[in-house]
Each structure stands twice: as C-alpha cells, then as structure tokens.
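Notes follow once the structure below has been shown.
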Amino acid sequence: MKQIGFTTTVPIEILLAAGHQPVDLNNLFITDPHRSELVDKAEAEGFPRNICGWIKGIYSTALKAGIQEVIAVTQGDCSYTHALIELFQLLAIKVVPFAYPYDRNRGLLSAQFKSLMDCYRVGDEQVLTTKRRLDALRSKVHRIDELSWKANVVTGYENHHYQVCTTDMNRDLEAFEREVDRFLDELKMRSPFKERLRLGYIGVPPIYDAQEFYGFLESRGARVLFSEIQRQFSMPYPTSTLLDQYLCYTYPYDIFGRIEDIIHEIKIRKIDALIHYYQSFCHRQIEDIIIRRKIKLPVLSIEGDRSFLLDARTRLRIESFLEMLK
Ligand code: SF4
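For the sequence shown, my numbering assigns the number 587 to the last residue and increments by one with no breaks.
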C-alpha cells in the first residue's frame with residue numbers, strides 16, 4: 262500500500278480500489294500542531310511571502326510526511342499548482358496529473374478517469390464496488406449535515422470536521438466510519454442549540470483554527486448551517502456512477518454551478534446571511550464580485566492569510582456584521 266498525496270479532492274475511489282492510502286495534504290497540514298512552522302519552513306526555502314499560506318503548508322507537509330507520490334490537479338483547482346508540482350518533481354516526488362475540464366465535459370472527464378485507472382491498474386468493477394462502499398459512509402456524513410440544519414443539534418465545527426474528512430476518509434476508512442457512527446449515536450441524546458442567526462459559509466475552508474472560528478460565531482449568537490465547499494467534499498448528490506458523482510461536484514468547475522448550489526441551499530436551509538472566506542493571494546478573491554452580484558443576501562467577505570487564529574480586526578468585523586443582522 263502506497264500513500265498517495267493530493268492537493269485537492271480527487272476520485273479517491275480509484276486509489277482505494279487499487280489498495281492505496283489517499284492522503285489529503287490540506288487536511289494533514291491544517292491539523293498539524295506545528296502548522297505555523299510548516300509555513301515558516303517553506304518561506305525559509307524560498308517561497309515568497311505573497312503566496313497563499315495553504316500552498317506553503319502543503320509543500321512542507323508533503324516533505325514532512327515523506328510522501329513519494331502526488332496526484333496533481335492541473336485544472337480545476339489552484340493557479341499555483343503547476344509550480345508546486347514542478348518543485349515536487351525536482352525533489353524526485355512522483356507526480357500523476359489529473360484535470361477537471363472547466364466546462365464539465367463528460368468525455369474529457371471520462372478520459373481523465375481512464376488515465377488514472379490505467380495508472381493504478383484498476384477496472385470499472387473494482388472502482389464501482391469501492392464507490393458503493395464509500396457512498397454508504399458518505400450518506401452517514403450527509404445525515405450529520407442534515408441534522409445540523411433540520412434539528413439544530415450539530416455545531417458548525419462538527420459539521421465542518423466530518424465533511425472535510427471525507428476527502429481522504431481521514432486516511433483510515435474503517436476508523437473514520439466508527440467515529441461517524443459514534444457521533445451519530447451521541448446526537449440522539451442532544452438538545453437543539455438556540456442560536457438565532459442562521460449563517461452559510463462559502464468559499465474554501467478557513468485557514469483559521471476551525472474550532473475557534475465556528476465557536477466564535479456561536480458565542481456571538483450565530484451558527485453556520487451550511488458550509489458550501491466542505492459539503493461538496495462529501496459528494497452530497499445521489500449518483501450511480503463515479504463519473505456522475507464527480508460531474509455533480511461543483512468546486513472544480515465554473516463559479517456559476519457553485520452559485521446555483523448555494524442559492525438552492527440557502528433557500529431550503531433558511532440562511533439569513535453568508536460569510537465568504539477567501540485566502541490572501543488567491544485568484545478566488547475575484548469570485549467575490551460575482552457572488553455579491555448574484556446572491557441577494559448580506560455577505561461578509563473575510564480574508565485569511567497565515568494566521569491560524571482569528572485576528573482582532575476579523576473578530577470585530579464579524580461582530581459588527583452579526584450585530585447589524587440582529
Ligand atoms: S486558497 Fe486559493 S491560492 Fe490557496 S491553495 Fe486554495 S486555491 Fe490555491
């Protein structure tokens with residue numbers, strides 16, 4: 262079994278079917294107790310200050326974890342990926358390219374799947390069996406999400422955590438499923454939370470400590486009942502083929518598919534306002550313009566850089582926004 266790193270969601274069903282261990286380098290980085298040092302280390306090696314903190318963290322994390330092979334998403338993710346994978350190649354880390362076609366083209370995505378399946382020597386039947394296995398676990402995570410907005414018994418952080426873990430099934434499918442089962446049992450005993458404001462969180466997951474971030478909102482009377490990209494990671498739409506599953510996934514394609522999903526979810530979840538998070542030096546900041554034009558709800562845009570704790574200015578802006586909503 263090989264550890265295969267990746268920089269954004271890839272069809273892990275193919276890797277698991279081949280008997281490998283998928284490793285989401287984002288999750289490994291952000292849960293590392295020494296994450297700040299990982300960013301420092303990349304800067305010490307020459308990464309410029311004005312480059313996204315996630316990229317620096319991912320780079321150092323891959324080296325720290327001794328990752329020997331990475332699937333690089335060359336289209337549908339990050340504008341820094343090409344340079345990052347060149348650096349990996351320089352360090353003799355094997356790079357397997359994968360691309361999501363911008364226009365969601367079925368034939369092109371199918372060709373990408375075939376190439377990945379050939380690379381890892383797995384067939385359709387093995388992959389479909391693995392998809393069904395993961396679907397069963399994914400549906401439990403969807404249940405947690407549903408309980409967050411229908412029954413008000415899941416905190417914003419808890420929902421974020423379980424959804425984000427689905428990108429690599431927390432690197433241990435069976436252990437993750439046991440954790441999910443225990444959590445679902447625990448929820449049966451919970452009383453509903455009372456926060457009045459219902460928030461949606463859109464954009465990439467925060468670089469801030471997620472427990473602190475979501476907890477801060479709750480301490481000010483608001484709770485996130487919809488975390489857009491995190492929910493997308495969990496593959497929330499019922500599908501019968503792997504191709505359909507990754508064609509429905511909104512993150513790697515154009516912003517308009519994401520907006521359609523956001524509008525649908527804010528309606529059914531009765532969301533009062535949105536927090537749009539983006540990262541300093543990220544091309545996705547430009548999407549804020551489109552989001553504000555297309556979504557008719559109050560939106561607070563916040564920008565994280567390389568501080569893992571909520572800074573005083575961001576706290577103040579969030580507090581003022583929540584006061585204004587109240
Ligand atoms: S936040 Fe933006 S710049 Fe940073 S890794 Fe993600 S897509 Fe790339």
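For glycine and all other residues, C-beta sits at the position ideal for the given N, C-alpha and C.
On a predicted model such as this, the values are computed, not experimentally measured, just so you know.
Exercise. If we call anything under 8 Å between Cβ atoms a contact, is G461 one with E489?
Worked result: yes
Problem set entry | Three-state secondary structure (DSSP) of A278 | helix
Exercise. For N420, which of P358, G318, P466 has the nearest alpha-carbon?
Worked result: P466
For this session: Taking S581 as the reference, give the member of L478, D406, K455 with the closest Cα.
Result: L478
Problem set entry | V380: CB within 7 Å of a non-hydrogen atom of the ligand SF4 | Note on residue identity: the sequence assigns Cys, not Val, to residue 380. Every heavy atom of the ligand SF4 is 7 Å or more from the Cβ of C380, so no.
Exercise. Does the ligand SF4 have a heavy atom nearer than 7 Å to the CB of V220?
Worked result: Absent from the model: residue 220. The displayed extent of the chain is 262 to 587, so no value can be given.
For this session: Note down the Cα distance separating S568 from L561, rounded to an integer number of angstroms.
Result: 19 Å
Problem set entry | Under the three-state DSSP convention, the category F308 falls into | coil
For this session: Indicate, with yes or no, if the ligand SF4 has a heavy atom lying under 7 Å from the CB of R519.
Result: Flag unset: Cβ of R519 not near the ligand SF4.
Exercise. Near I468, what residues of its chain come up, given a Cβ to Cβ distance below 6 Å and the 5 sequence neighbours on each side ignored?
Worked result: Counting only Cβ-Cβ distances below 6 Å, and skipping sequence neighbours, we find G314, G565.
Problem set entry | C-alpha gap between L408 and E438, whole angstroms | 17 Å
Exercise. Since L535 sits in a beta bridge, which residues does DSSP pair it with?
Worked result: G461, V560
Exercise. Does the segment 329-336 touch the segment 263-280, meaning 3 or more C-beta pairs lie closer than 8 Å?
Worked result: yes
For this session: Give a single yes or no on whether Q506 has its beta carbon closer than 7 Å to a heavy atom of the ligand SF4.
Result: Flag unset: Cβ of Q506 not near the ligand SF4.
Problem set entry | Alpha carbon of F374 to alpha carbon of F454, nearest angstrom | 43 Å
Problem set entry | Beta-ladder partner(s) of F359, from DSSP | V334
Problem set entry | Sequence-distant residues of its chain with Cβ nearer than 6 Å to T391 (five each side left out) | E274, L277, A278
For this session: May I ask you to list the residues that DSSP assigns as paired with I265?
Result: P283
Problem set entry | From Y418, H343, Y514, residue whose alpha carbon lies closest to that of F474 | Y418
Problem set entry | beta strand (DSSP E) runs contained entirely in the segment 437-513, provided each spans 3 or more residues | 458-464, 483-488
Problem set entry | For I552 and I520, believed in contact at Cβ under 8 Å, the rounded distance | 7 Å
Exercise. Buried or exposed: N431, going by 16 or more other Cβ atoms within 10 Å of its Cβ?
Worked result: buried
Problem set entry | Range of the contiguous alpha helix (DSSP H) that encloses Y320 | 314-325
Exercise. Can you list, in chain order, the residues of its chain whose CB lies under 7 Å from that of Y538, leaving out five sequence neighbours each side?
Worked result: Y462, G464, V465, P467, I563, G565
For this session: Please go through the same chain and pick out, in chain order, the residues whose beta-carbon is closer than 6 Å to the beta-carbon of V271, but skip the five residues on each side of it.
Result: I332, F359
Exercise. Leaving out five residues before and five after F308 in sequence, what residues of the same chain have Cβ atoms less than 8 Å from its Cβ?
Worked result: I316, K317, Y320
Exercise. Given that a residue counts as buried once 16 or more other Cβ atoms are within 10 Å of its Cβ, and exposed if not, what is L351?
Worked result: exposed
Exercise. Alpha carbon to alpha carbon, how far is T427 from S297?
Worked result: 24 Å
Problem set entry | Inter-stretch contact (C-beta, 8 Å, three-pair minimum) for the segment 359-369 and the segment 334-345 | yes
Exercise. Where do the N-terminal and C-terminal ends of the alpha helix (DSSP H) with C426 fall, by residue?
Worked result: Taken as a continuous stretch (DSSP letters only), the alpha helix (DSSP H) holding C426 covers 417-426.
Problem set entry | Any non-hydrogen atom of the ligand SF4 closer than 7 Å to R310 Cβ | no
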